[in-house]
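Asks:
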Amino acid sequence: MRSISTLVFIATTLLSTAALAAGNTELTWYGHAAFKLKTPSGKVLMLDPWLTNPSNKNGKDDLAKLDKADLILVTHGHADHVGDSVAIAKKTGARLVTTFDLGKGMVTYGGFPKEQMGFDTQGNFGGELSLLDGEVKITFIPAVHSSSVASEDGKNIHDGGHPGGFVIAVKNGPTIYHTGDTDVFSDMALIAKFRKVDVMLACIGGHFTMGPERAAEAVRLVKPATVIPMHFGTFPVLQGTPEAFSMELRKHNVKTRLQTMTIGQSMKL
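Residues in the sequence shown are numbered consecutively from 180, following our numbering.
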């Protein structure tokens, strides 16, 4: 009888784990590079949270309705990625996850609450943080771009350290790579060596970042199961499109599944 009970317990545990892994992580896109990631336990990570960007007509409402966030991840110091971080931090108490240099700059010059950041949430490239009681592991990935921090009044620019991206491994959920702003670089191939990426959030707009052709090469190097394009169409100069990106993926025989999101859409991963 004990053996049967044990087997039932093990089977139930395995089924529960499988259910958590299959679709209980939720991703919401707010346009540009701004996402909300909700873990299976209900924790909320905000990624480059510029909810009020010009392409999101409901941005102000989205910001007003956001009443929970646990972590705010910022890839680099440019205003279109720092976005609404300070407002979200002040209303939710969310802690800042970023590089040491950018974190110091956001506190000193950008008005981010100092007490909502510490050594446990700061890192640097190649480092990995275990946060939210181990539910997420975040690896800092370099990017080919630039970074600076604007003062609160927008009149002065300060050093923002080096730009980057994040690989976010969710316990009982997917592993997600947010590229931040970057060009393709050969060491992207190393990402797959250490973590199998399920979902890649890839900038494709061009002008300030890689466009569709170079983004397709980035996908080839990273080898994610799914790629979601971002950072396009927000401004006229960001002319890369999901259609052009799709064409480049096919042209280069990249087998990754392309998933295009609409602004405001949430999807289970």
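We put the CB at the ideal spot given by N, CA and C, even for glycine.
Just so we're clear, the structure is a prediction, and the values are computed from it rather than from any experiment.
(1) Over the uninterrupted beta strand (DSSP E) stretch that includes P321, give me the two end residues.
(2) Please return the same chain residues whose Cβ sits closer than 6 Å to the Cβ of I355, not counting the five positions on each side in sequence.
(3) Would you call the stretch 232–242 and the stretch 302–314 touching, i.e. three or more CB-CB distances under 8 Å?
(4) Just tell me which of N203, N432, M409, G262 has its CA closest to the CA of P421.
(5) How would you label K215, buried or exposed, when you count the other beta carbons within 10 angstroms and need 16 or more for buried?
(6) Looking at the secondary structure, which residues open and close the beta strand (DSSP E) in which R374 lies?
(7) Enumerate in chain order the residues of its own chain whose CB-to-CB distance from A404 is below 6 Å, with the five nearest sequence positions on each side excluded.
(8) Is the separation between the beta-carbon of L281 and that of V253 shorter than 8 Å?
(9) Could I get the ranges of all uninterrupted beta strand (DSSP E) runs contained in the stretch 262–302, with 3 residues as the minimum, in chain order?
(10) Between which two residues does the alpha helix (DSSP H) carrying F424 extend?
(11) In terms of residues, what are the limits of the alpha helix (DSSP H) holding D240?
Replies: Based on what the coordinates show:
(1) Indexing the sequence shown from 1 puts residue 321 at position 142. Per DSSP, P321 belongs to the beta strand (DSSP E) from 315–321.
(2) The residue given as residue 355 occupies position 176 in the sequence shown. The answer, listed in chain order, is I347, V378.
(3) no
(4) Translated into the one-based positions of the sequence shown, residue 421 becomes position 242. Measuring from the Cα of P421, the nearest candidate turns out to be M409.
(5) Your numbering for residue 215 matches position 36 in the sequence shown. Flag for K215 reads buried.
(6) Residue mapping note: residue 374 aligns to position 195 of the sequence shown, counting from 1. No beta strand (DSSP E) holds R374; DSSP gives it neither H nor E.
(7) In the sequence shown, residue 404 corresponds to position 225, counting from 1. Here the set comprises D377.
(8) If you number the sequence shown from 1, residue 281 lands on position 102. If you number the sequence shown from 1, residue 253 lands on position 74. Yes, the pair counts as a contact, with Cβ atoms nearer than the cut-off.
(9) 274–278
(10) Mapped onto the sequence shown, residue 424 falls at position 245. 421–430 is the extent of the alpha helix (DSSP H) around F424.
(11) For the purposes of this step, residue 240 is taken as residue 61 along the sequence shown, with counting starting at 1. Unbroken alpha helix (DSSP H) run through D240: 238–244.
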